[in-house]
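Notes follow the structure.
Numbering (the working numbering), first residue to last: 243 to 744.
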């Protein structure tokens, strides 16, 4: 069996409120997965939920339920959100799955046995929300967490350490030899400089946190939540058949995924993450894999953050955008498309309802929707039905073939905004063609010539439907239905205009 094209989102921490940032990462990977499948690639798209740690213990206690009951509920909410947003993942992992926990324990014991993990003690400033230690150089003024802007807590405890410092030179060598690994390129220097500044060994166990994966050889310790979470990428794809003594459940999972061995998936082709967790995926995770003797992923891509009307999203400000509510109000597909048209993927972006409505009206209602309606309405008046093939050997067809080549290059770079820009520009050119050729007037004197123009437009619209499918799968399917061979019908507007409230 040939290797699958293996792509991952981070697994989402169940103690956080699902918001548009989570949706952004997942929809981006869904777009890539759908495009690759269109091209005939065997894709494996993994997502899931991260369910251990002190914060989850606290949240569950506050709700009067067990941590497992709490995580069952929130993990189900994530699954429901992905269904609402039309996410076509192939596998969903939970870090409370026994299969995952067994691989985490096997990894820990292997690294302990070979000396890459050792016991010690740690004193430092700890953020309970991040579940991460920070050194003085990383703190904000006043000893605040750089992410949550809250005071850090002084913590002292016995811990196991992972020898991260041992892999400093190997990491720098890997970055130099694989320049696409750290993506986008403008984020690479941040990681390289961090590693060059000197890596410290990483605390990878906790004695004060009971809700976690117990260390097999010392159950008084639980595995640090980030060390545990990163391992999901291999536990979900059969690493247990390589690392665990009892391989039964791991082999069964591989069979369920339609694979024979761990190498059918690994190494991952892409880890897609938010920039706030780039360091975990670009430094700690590769070092862990080096220690395990496993190949490193081909690329880790860190995208930017979304603000809302210029403000950072936060519960206290009450401006957290719920993507499901947005999709219910305006449609899932328009929301999916907007997120990747508004800003270049990788950069930070700002969300506002005004900009959403402006994009919707200009790109979808006035451009693609208008083109589809006027083409089919004119076709209904001038021909009985649409043929199987339309518009071949025309300038529009030739232009579409050229665009397909550029779209593939854009997908390789995850330049989703450029894909949509190209599609919308092509639709705009077809609208200009309608205005120039005026098929409604041409039909009065030369019906065959008018029909030729209309078929050229239909051929172009069929390409547009195909190109939009990764971004707007339901809309694209409806376009293809309307443009399919057979009798032509009257349809309501595909994208009714959104009016500004006065």
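The beta-carbon is built from N, C-alpha and C at its ideal position, and this holds for glycine as well.
Helix, strand or coil at residue i [DSSP, three-state]
i           : result
residue 665 : helix
residue 739 : coil
residue 683 : helix
residue 547 : coil
residue 464 : strand
residue 386 : strand
residue 744 : Confidence in residue 744 is poor, its pLDDT being 43 and thus under 50, which makes the residue's placement unreliable; the coordinate value appears in the next sentence. DSSP places residue 744 in coil when its eight states are reduced to three.
residue 317 : helix
residue 697 : helix
residue 255 : strand
residue 456 : strand
residue 622 : helix
residue 507 : coil
residue 262 : helix
residue 478 : coil
Contact set for residue i: own chain, Cβ-Cβ below 7 Å, skip 5 residues either direction
i           : result
residue 583 : 601, 605, 659, 662
residue 449 : 399, 400, 462, 463
residue 271 : 249, 251, 287, 514
residue 279 : 285
residue 474 : 253, 290, 335, 337, 342
Cβ-Cβ separation, residue j to residue i (assumed contact under 8 Å), whole Å
i           : j           : result
residue 249 : residue 511 : 6 Å
residue 563 : residue 262 : 4 Å
residue 465 : residue 454 : 6 Å
residue 617 : residue 696 : 6 Å
Beta-carbon contacts of residue i that lie in its chain and below 6 Å, excluding the five residues immediately before and after
i           : result
residue 426 : 588
residue 406 : 441, 443, 444, 529
residue 744 : Below a pLDDT of 50, predicted positions are generally treated as unreliable, and residue 744, at 43, falls in that range; the measurement from the model is reported next regardless. Nothing listed; no residue qualifies.
residue 247 : 278, 283, 285, 511
residue 346 : 455, 465, 470, 473
Bridge partners - residue i, DSSP secondary structure assignment
i           : result
residue 369 : 374
residue 288 : 250, 333
residue 593 : 550
residue 425 : 543
residue 359 : 404
residue 396 : 367
residue 513 : 250, 542
residue 587 : 589
residue 716 : None, per the DSSP bridge assignment.
residue 571 : The partner list for residue 571 (beta bridge, DSSP) is empty, contrary to what the question assumes.
residue 728 : 628
residue 601 : Per DSSP, none; premise fails for residue 601.
residue 445 : 403
Residue i beta carbon near the ligand ZN (any heavy atom closer than 7 Å)
i           : result
residue 688 : As for the ligand ZN, it is missing from this structure, which has no ligand bound.
Sequence-distant residues of the same chain with beta carbon closer than 8 Å to residue i, five excluded per side
i           : result
residue 525 : 406, 413, 433, 436, 437, 441
residue 551 : 561, 592, 593, 594
residue 666 : 583, 605, 609, 610
residue 574 : 326, 327, 328, 716
residue 735 : 607, 611, 615
Quiz item: So, do the segment 476-496 and the segment 427-434 have three or more beta carbon pairs nearer to each other than 8 Å?
Solution: With fewer than three CB-CB distances shorter than 8 Å, the segment 476-496 does not count as touching the segment 427-434.
Practice problem: Decide yes or no for the touch test of the segment 341-355 against the segment 470-477: beta carbon pairs closer than 8 Å, at least 3 of them. | Solution: yes
Practice problem: Please confirm if the segment 320-330 is in contact with the segment 564-578, defined as three or more CB-CB distances below 8 Å between the two stretches. | Solution: yes
Self-check item: contact_flag[the segment 295-312, the segment 606-616] where n(CB pairs < 8 Å) is 3 or more
Solution: no
Practice problem: Flag this pair as touching only if the segment 500-507 and the segment 313-325 have three or more C-beta atom pairs under 8 Å; answer yes or no. | Solution: no
Quiz item: Does the segment 351-361 come close enough to the segment 375-389 to have 3 or more Cβ pairs within less than 8 Å?
Solution: no
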